[in-house]
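Taking the working numbering, the leading residue of the sequence shown gets 26, the next gets one more, and so forth. Beneath this line is the structure, given in structure tokens, with notes to follow.
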Amino acid sequence: MLRVVAFAALVGILVVAAANAITVGSTRGNVHTVAQTAELLEDDPADAVVVLGASVHADGTPSDILADRLEVAVDLYRAGAVRAVIVSGDNRSTHYNESDAMKAFCVEAGVPSEDVYVDHGGLNTYESMYRARHVFGAERIVVATQAYHLYRAMFTANCLGMQVWGVACDKGAYDNQQMYSAREVMARTKDFFAALLRLPVETDGEVVSLLDSGDTT
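This is the structure:
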């Protein structure tokens, strides 16, 4: 019995290690700075930069980790690397709304409101990437998030049929970073298989064209 348990544990460890190695190894070559991304996409901007949600304060302002993602997205838009900004976050409660706060930040920073698209259904990384492809119809995207999180988002986007570039948004030390990094190991493993299987996400037939105004979202 102990041998069976030990063998199962070893297999589990190997699966987790392999999923993480493939996720990181297959995407890290496409992680660039804002300037590098703008140069790469100078002649053919990406459809959008997808900003993945994180916590907002009670007054509706973004946390430091989210503000850094949004600042990078604004920089990419200003540099002409992307045609639009998709802000994807949690708004399941009337008292908590990440995505609207994210749009407000971008608009205040100078991005035209019609070029900022709100994804109210991005409750996790996999769903955000799935919806970018199947709701918003994006085929070429830049992902803006911190490095620990970036590889998983990019791997998922690739598996879902999108061409993807990543920009790491790390601008300083963040509270609870060790916890985020540790949790990411299992999150990568879960999304690794979800992405390979292209597990469907319920969208209720929602379709948003990036040719229409973002103010309709």
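No residue lacks a Cβ here, since even glycine has one placed at the ideal position from N, Cα and C.
Inter-residue CB distance, residue i and residue j (contact presumed, cutoff 8 Å)
i	j	result
Ser234	Gly162	7 Å
Ala169	Val141	Not really, about 13 Å apart at Cβ, beyond 8 Å.
Val49	Tyr199	Contact doesn't hold; Cβ gap of about 20 Å is too wide.
Met154	Ala182	5 Å
Sequence-distant residues of the same chain with beta carbon closer than 6 Å to residue i, five excluded per side
i	result
Arg165	Ala71, Asp72 and Gln188
Ala172	Ala193 and Asp195
Contacting residues, own chain, Cβ-Cβ under 7 Å from residue i (five flanking each side not counted)
i	result
Leu39	none
Met179	Thr52, Asn55, Val168, Val189 and Gly191
Cys184	Ala220, Leu221 and Arg223
Ala44	Arg213, Thr214 and Phe217
Cβ-based burial, residue i [other Cβ within 10 Å; buried from 16]
i	result
Asn116	buried
Val36	exposed
Asp100	buried
Met204	exposed
Ser113	buried
Arg156	buried
Asn245	One cannot answer for residue 245 here, as it falls past the ends of the chain, which runs 26 to 242.
8 Å CB neighbourhood of residue i in its chain, flanking five on each side removed
i	result
His57	Leu65, Trp190, Gly191 and Val192
Val59	Val97, Asp100, Leu101, Ala104, Ala106 and Val192
Ordered list of beta strand (DSSP E) runs contained in the region 174 to 237, each at least 3 residues: Counting whole runs of 3 or more residues, the region 174 to 237 contains the beta strand (DSSP E) stretches 188 to 193.
Are the region 108 to 127 and the region 212 to 231 touching, with three or more C-beta to C-beta distances below 8 Å? no
Which ranges would you report for the alpha helix (DSSP H) in the region 75 to 115 if only whole runs of at least 4 residues count? 89 to 103
Extract the residue ranges of the beta strand (DSSP E) inside the region 115 to 170, only unbroken runs of 3 or more that lie entirely within it. 141 to 144 and 165 to 170
Quick check: the region 150 to 160 against the region 224 to 240, are at least 3 beta-carbon pairs closer than 8 Å? yes
Contact between the region 132 to 148 and the region 53 to 71 is defined here as three or more beta-carbon pairs at a separation below 8 Å; is this criterion met? no
How do the region 39 to 48 and the region 79 to 99 stand: do at least 3 beta-carbon pairs fall below 8 Å, yes or no? Cβ pair count under 8 Å is below three, so no.
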